[in-house]
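In the working numbering, the protein residues as written are 2 to 986. Note that beta-carbon positions come from the ideal geometry of N, C-alpha and C, so glycine has one too. Below: the structure, in structure tokens.
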């Protein structure tokens, strides 16, 4: 007969791995049982278990006890419970086959047993009175404790394995396993009392630590404990023995507890009791007095020991003494984060744990591996210990409850909390299923297909592949969230704030603000109150953010303005779900925002026009975009508007965002002065290109135009306050191309200057041929004729920095080719032209320098300033660029390098000019960023000068060093200017 039609074949298809054995078991059942439906139901339940073959083997052996076997299969609920247990745990399978009477605990639905009920059950099992103040067991009853423990474990496992949602049930299961551990230790202590003389004269408290202390225990785990002992007192309150004698007796009791729990007998074993978390670990005494504990934790304990004490609770023995110990250490537990080393040490400890995992186990570790249980637990504990100093809602022992509290209070986002919680529950269930199989302590995911399939089925998953995939997904999610939470700059910053200052409502808040550097402390308190008052979630999150934010504001040049701006941005974005979540969760965003707000009115003004752009600070490595990216967005947004004014307003909105990007990158140290010039130039070019296209819409038949960038724009050296110097060319053509081009440019300038929410743009055409008296637009032929016949020496110098700005790039190249003959003249400029340039420079120094200002403070026109450097460089370009093509660059610093390479300038002279140019440009940019308005002079106001110095990287109080450094650089630069430009030796 075909195997597929045999009973074995049918059973194989339904899920049995050894169908022939199943047939040999089932057929006798059918023959003996008058109700075949019972056997079918039994087989269905066996097939629904995690491992049908294992469950079948258990029922086959249980069949040797007909009465028990029949009582099980007669009850549909009971047979389901038994089948689930027999198919998921070989250890419990063997236990019930040896002691089938143990199945009596599964007769009814295994309701949870409370802690007191479990304690009473196990004490009665060893013949002790649960109601006695210090129960004493009957001697020699330790095996009865082991059997009672197994029956309790059997009942818990049955409830776990039949739970509709094992991930929802895991917290309750873990709690009862911890309560069972408490009961075991209490009963083991009762057994110890029966064998240790003098025990009645001693008070011994057993403290649960770790997962047991948290009431989140596994099926098989070392139970971490700490022992505290004191002499018992007589009726007069006097100690019955000395402290030393009490410790001696208590040590014997503690050792007996450990032996009872770890011993292996015919009745089985329980688990190891681990006292290594006690003071000094294995090297320290097993039991200490309360006073000894106090001394140790006050003087010698390390930070990680206080983290461990977070979960300490009385579990057995003298509960009052245990609570005294908890009360003794609690203040130190919740102050440990005041130690500046705490966060770093905790992070380093977690890294060491991962590093010490054997390589062959690293990818299988459920508990200690990256993205495993320990990552969730450490993340939660670190948040608790940092924020729990001031927020007592977080002072909880368990990970489940603490994570819920962190989410409820806003310390962890709802989505992140949900993701972390779901992953943690999943991994705990996996851990439970692995340990339950053989009742052995392990945290490694098995690799064989049969074990993976059994675990998957016990969790309601389809197969081994589904289990592995879900587990890997959980570790990836945990690892991502752990790295964001555990290594958060915000968390480190809050940890650095003393406990007394974390509560922003304390009476010392004003003093604290003054110490941080706030000048108007009353206004600061008003801002803090406005941000953090109330019970709303945003107010909760603000209360968490503000201690760190205040410190970051204080690190900036203007803390008062930073806090005010933070309030303005927060109020503008109050209804935006991403804003506070990003500040709390997204890496360094909060610190970056604080730096920007406390450093720059320019950036704040741009930010407040569109507060949502604060999200740019989430990823600062990509703040600045390319010219093509900017132009693409501007062109796309302009096409959405038929009205030219609206189109250019939208373009200016993109420009404002790009200016903000550059300002933020500059303030955060992501761009040097050259990159800032390049970035601002790219923004200007894109703005002109996009706006020119809009202006052309309004002029039918508009010719192709090219805008030639001049000055700092042409040299890619724009500052935040620079206008766009330029001239405009149209292609040679008959007709009214010039008139139409003039209309386009006039409309372009009008649109760029129009009033609006975003900064206006000035297209300055004063450097065109004939200046203000010349035509706004010329043809290529007109430019050629003008430069051949009429151009002045100053125009040749101005053209040195000419480059393509916007419009038709090919047309720009043609005009720049015409210009080359003027700015790079064959044979260089004449001596007469050199003298003409010198006279013009002298007149500028006399006429343009503001009256009443110390010239040494003017970084543009003062001695050794930008003007000196640029005129010196440009003179050499005009003289020698005909013979050294490398000098034909509009960029000042590039020209300097070329002049050194060509031998026209010494290395030391070039260095002096470069340092002065860079520092002057940085001072101008920093002043604009700080004040929001342009200035070419070092501020005379002491506060502003100090703030500019800080933006330039000087420490607070080092503004005088800024003056000294600038004076020295300017002096060296002027010495070069005197020799090279003025020819004075």
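Nearest-angstrom Cα separation, counted from residue j out to residue i
{"i": "residue 397", "j": "residue 383", "result": "12 angstroms"}
{"i": "residue 733", "j": "residue 779", "result": "9 angstroms"}
{"i": "residue 871", "j": "residue 767", "result": "19 angstroms"}
{"i": "residue 356", "j": "residue 345", "result": "16 angstroms"}
{"i": "residue 333", "j": "residue 297", "result": "12 angstroms"}
{"i": "residue 507", "j": "residue 513", "result": "Legend: pLDDT at residue 507 = 49, less than 50; position of this residue unreliable, value from coordinates given subsequently. Their Cα atoms are separated by approximately 10 angstroms."}
{"i": "residue 177", "j": "residue 582", "result": "36 angstroms"}
{"i": "residue 452", "j": "residue 206", "result": "41 angstroms"}
{"i": "residue 372", "j": "residue 762", "result": "52 angstroms"}
{"i": "residue 560", "j": "residue 520", "result": "8 angstroms"}
{"i": "residue 589", "j": "residue 599", "result": "16 angstroms"}
{"i": "residue 279", "j": "residue 550", "result": "38 angstroms"}
{"i": "residue 309", "j": "residue 493", "result": "20 angstroms"}
{"i": "residue 585", "j": "residue 931", "result": "27 angstroms"}
{"i": "residue 686", "j": "residue 807", "result": "6 angstroms"}
{"i": "residue 723", "j": "residue 713", "result": "8 angstroms"}
{"i": "residue 123", "j": "residue 188", "result": "6 angstroms"}
Burial state of residue i (16 or more Cβ within 10 Å)
{"i": "residue 289", "result": "buried"}
{"i": "residue 301", "result": "exposed"}
{"i": "residue 347", "result": "buried"}
{"i": "residue 253", "result": "buried"}
{"i": "residue 454", "result": "buried"}
{"i": "residue 996", "result": "This structure does not reach residue 996, given that the chain is present from 2 up to 986, and the question cannot be answered."}
{"i": "residue 967", "result": "buried"}
{"i": "residue 20", "result": "buried"}
{"i": "residue 3", "result": "With a pLDDT of only 42 at residue 3, under 50, the local geometry of the prediction cannot be trusted, and the value read off the model is given with reservation. Residue 3 should be labelled exposed."}
{"i": "residue 265", "result": "exposed"}
{"i": "residue 909", "result": "exposed"}
{"i": "residue 825", "result": "buried"}
{"i": "residue 108", "result": "exposed"}
Rounded distance between the beta-carbons of residue j and residue i, thought under 8 angstroms
{"i": "residue 271", "j": "residue 147", "result": "6 angstroms"}
{"i": "residue 167", "j": "residue 430", "result": "5 angstroms"}
{"i": "residue 915", "j": "residue 897", "result": "6 angstroms"}
{"i": "residue 517", "j": "residue 555", "result": "4 angstroms"}
{"i": "residue 526", "j": "residue 547", "result": "That belief does not hold up - the Cβ atoms of residue 526 and residue 547 are roughly 11 angstroms apart, past 8 angstroms."}
{"i": "residue 621", "j": "residue 591", "result": "That belief does not hold up - the Cβ atoms of residue 621 and residue 591 are roughly 12 angstroms apart, past 8 angstroms."}
{"i": "residue 161", "j": "residue 116", "result": "Going by Cβ atoms, the distance from residue 161 to residue 116 rounds to 18 angstroms, so no, they are not a contact pair."}
{"i": "residue 802", "j": "residue 891", "result": "4 angstroms"}
Limits of the beta strand (DSSP E) - the one that residue i falls within
{"i": "residue 778", "result": "778-780"}
{"i": "residue 707", "result": "706-710"}
{"i": "residue 228", "result": "224-232"}
{"i": "residue 314", "result": "314-318"}
{"i": "residue 99", "result": "Unbroken run through residue 99 is the alpha helix (DSSP H), 91-99; no beta strand (DSSP E)."}
{"i": "residue 204", "result": "203-209"}
Terminal residues of the alpha helix (DSSP H) in which residue i lies
{"i": "residue 989", "result": "Look at the range of the chain in this structure, 2 to 986, and you will see that residue 989 is not part of it."}
{"i": "residue 113", "result": "Neither: residue 113 is in no alpha helix (DSSP H) and is coded neither H nor E."}
{"i": "residue 814", "result": "810-824"}
{"i": "residue 843", "result": "832-848"}
{"i": "residue 68", "result": "67-75"}
{"i": "residue 249", "result": "244-263"}
{"i": "residue 795", "result": "794-800"}
{"i": "residue 273", "result": "That residue, residue 273, is in no alpha helix (DSSP H); it is neither H nor E in DSSP."}
{"i": "residue 150", "result": "143-162"}
{"i": "residue 955", "result": "Here residue 955 belongs to no alpha helix (DSSP H), and DSSP marks it neither H nor E."}
{"i": "residue 221", "result": "Counting along the chain, residue 221 falls outside any alpha helix (DSSP H), and DSSP gives it neither H nor E."}
{"i": "residue 31", "result": "20-33"}
{"i": "residue 287", "result": "Taken as a continuous stretch (DSSP letters only), residue 287 belongs to no alpha helix (DSSP H), as it is neither H nor E."}
{"i": "residue 405", "result": "400-409"}
{"i": "residue 106", "result": "Here residue 106 belongs to no alpha helix (DSSP H), and DSSP marks it neither H nor E."}
**Complete alpha helix (DSSP H) runs within the region 440-488 (minimum length 4 residues, chain order)** = Here the runs fully enclosed are 450-459 and 465-487.
**Asked** At which residue ranges does the region 683-753 contain complete alpha helix (DSSP H) runs of 4 or more residues, listed in the order of the chain?
**Response** Qualifying alpha helix (DSSP H) stretches, in chain order: 712-715.
**Request:** Ignoring anything shorter than 4 residues or poking outside the region 846-915, list the alpha helix (DSSP H) runs there in chain order.
**Result:** Taking only runs of at least 4 residues, the alpha helix (DSSP H) segments lying wholly in the region 846-915 are 867-881 and 893-902.
**Asked** Which residue spans inside the region 613-696 form an unbroken alpha helix (DSSP H) run of at least 4?
**Response** DSSP runs (the alpha helix (DSSP H)) wholly in the region 613-696: 628-640 and 645-668.
**Prompt:** In chain order, which alpha helix (DSSP H) runs of at least 4 residues are fully inside the region 511-586?
**Reply:** Complete alpha helix (DSSP H) runs here, min 4: 522-533, 538-556, 560-573 and 578-586.
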